[in-house]
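Residue numbers (UniProt numbering): 1 to 174.
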């Protein structure tokens, strides 16, 4: 929808997706038996996928600067690749394709830092505000440009945090 410049529909779909993601997370955390290991792996990947697609699309229509998209995606690619590496390193022998993708045997748990949580919210605010910019006619507003700066700072800080600290704990076999 963004690439076709149907921003009202794109904003509506993004809002709906965000609300259902919040509801899904709430249910998984608060209702017994409604969370799964597979869900704990797929949910963050789906979130990264949504952010990536929307960020690339908004950059393609020149609503987000290329440099900011590159920074956001570089951090996310690093996190995903690091997750694959951590899984490989913490997987006890024998290391097989089947065991690697068997999420019923978790080997590590990730603890996002405060700056990472703040960054996620700032990025979602950026995507929401940018998606709404053509709808409400504030594409060149200084507030949006300020949000680019805030997003670049929190993304850089979060990236640095992940590069310099160990954000995961190896789980002991039970």
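Virtual Cβ for every residue (Gly too), placed ideally from N, Cα, C.
| Query | Result |
| --- | --- |
| Taking residue 77 as the reference, give the member of 62, 170, 165, 155 with the closest Cα. | 155 |
| Beta-carbon separation of residue 11 and residue 170 under 8 Å? | no |
| Looking at the structure shown, is residue 20 part of a helix, part of a strand, or coil, going by DSSP? | helix |
| Determine the closest residue to residue 158 out of 148, 172, 131, 113, with distance taken between C-alpha atoms. | 113 |
| Between the C-alpha atoms of residue 109 and residue 150, what's the straight-line distance to the nearest angstrom? | 29 Å |
| Over the uninterrupted alpha helix (DSSP H) stretch that includes residue 70, give me the two end residues. | 66–90 |
| Which partner residues does residue 109 have in the DSSP bridge list? | 169 |
| Among the candidates 140, 160, 91, 92, whose CA atom is the shortest distance from the CA of residue 119? | 160 |
| Please classify residue 36: is it buried, with 16 or more other beta-carbons within 10 angstroms of its beta-carbon, or exposed? | exposed |
| Rounded C-beta distance between residue 3 and residue 61? I'm assuming under 8 Å. | 7 Å |
| With distance defined between alpha-carbon atoms, name the residue in 145, 67, 42 nearest to residue 21. | 42 |
| Taking buried to mean at least 16 other C-beta atoms within 10 Å of its own C-beta, is residue 122 buried or exposed? | buried |
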